[in-house]
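Trainee: If you're matching positions, the sequence shown starts at 2 in the numbering used here and goes up one per residue.
For every residue, glycine included, the Cβ atom is placed at its ideal position computed from N, Cα and C.
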Amino acid sequence: MISFLDMANVFLFASGFLMLYTAYRDREVLRGYNLLGTVLIVLAITFFLVFYVQEGYWISLALTIPNYGYWLIVAFSIVRNRGQKKVES
Numbered sequence: 002m003i004s005f006l007d008m009a010n011v012f013l014f015a016s017g018f019l020m021l022y023t024a025y026r027d028r029e030v031l032r033g034y035n036l037l038g039t040v041l042i043v044l045a046i047t048f049f050l051v052f053y054v055q056e057g058y059w060i061s062l063a064l065t066i067p068n069y070g071y072w073l074i075v076a077f078s079i080v081r082n083r084g085q086k087k088v089e090s
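1. Taking the straight line between their C-alpha atoms, what separation do you get for LEU31 and VAL75?
2. Could you tell me whether the Cβ atoms of LEU62 and TYR71 are closer together than 8 Å?
3. I need the straight-line Cα distance from TYR34 to GLY17, nearest angstrom please.
4. On the premise that THR65 lies in contact with LEU13, defined as a C-beta separation below 8 Å, what is that separation, rounded to the nearest angstrom?
5. Please classify TYR58: is it buried, with 16 or more other beta-carbons within 10 angstroms of its beta-carbon, or exposed?
6. Does the separation of the CB atoms of TYR69 and LEU50 fall below 8 Å?
7. If you draw a straight line from the C-alpha of LEU37 to the C-alpha of LEU6, how long is it?
8. Give the range of the alpha helix (DSSP H) segment to which ILE3 is assigned.
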């Protein structure tokens, strides 16, 4: 049976692809994010994914992956940019 959680994750699924598309077109969009905030979002989504697996919410799990991927890209981008700034200094 489809739940409200699944319906909400459909919107997350769509937004995840839109965010990935925007980041692909314009990498400058990845600048300006806070590292701590981004890590907390990645951690929270990770816990959601673990919960979905534990409860067997496979639809929600699949629909959350694009959004999770976007935030992982943002986190890696922040870390990479900080590493480049240290090398330049």
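Mentor: By the coordinates alone:
1. 6 Å
2. no
3. 16 Å
4. 6 Å
5. With 16 or more other Cβ atoms within 10 Å, it is buried.
6. yes
7. 27 Å
8. Premise fails: ILE3 is in no alpha helix (DSSP H) and is neither H nor E.
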